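Numbering (the numbering used here), first residue to last: 17 to 124. First comes the structure, then the notes that go with it.
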């Protein structure tokens, strides 16, 4: 019977079923994608604001912020608890946008 530590040592590869060349290509693609995202953020920095009310201090475009506020004004948010859990999360997030002034602060 083999010792347990020798078995564990052989299975520490986080991607044991993926060949190493495929894993390298996957990692390279992820780096390229992250580079494209960073480049886009750099080019569009003037159109982005940090939303102080959404979870994670969300980085959002001014256009998207404006659209969320308009959607909040159009939806019936009187009873946020109606519907299922996902509907609750959606309505709760929009209810924050209804009275938000982050876009005005960003314009100043």
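C-beta: ideal position from N, C-alpha, C; glycine also. Here the structure is a predicted model, which is why all the values come from computation and not from measurement.
In summary, residue 83 is exposed, with fewer than 16 beta-carbon neighbours lying within 10 Å of its beta-carbon over all protein chains present.
Looking at the DSSP output, residue 44 bridges to nothing. Per DSSP, the unbroken alpha helix (DSSP H) holding residue 86 starts and ends at 78-90. Following the DSSP letters along the chain, one finds residue 114 in no beta strand (DSSP E) but inside the alpha helix (DSSP H) bounded by residues 101-114. Under the DSSP assignment, residue 64 falls in the beta strand (DSSP E) whose first and last residues are 64-66.
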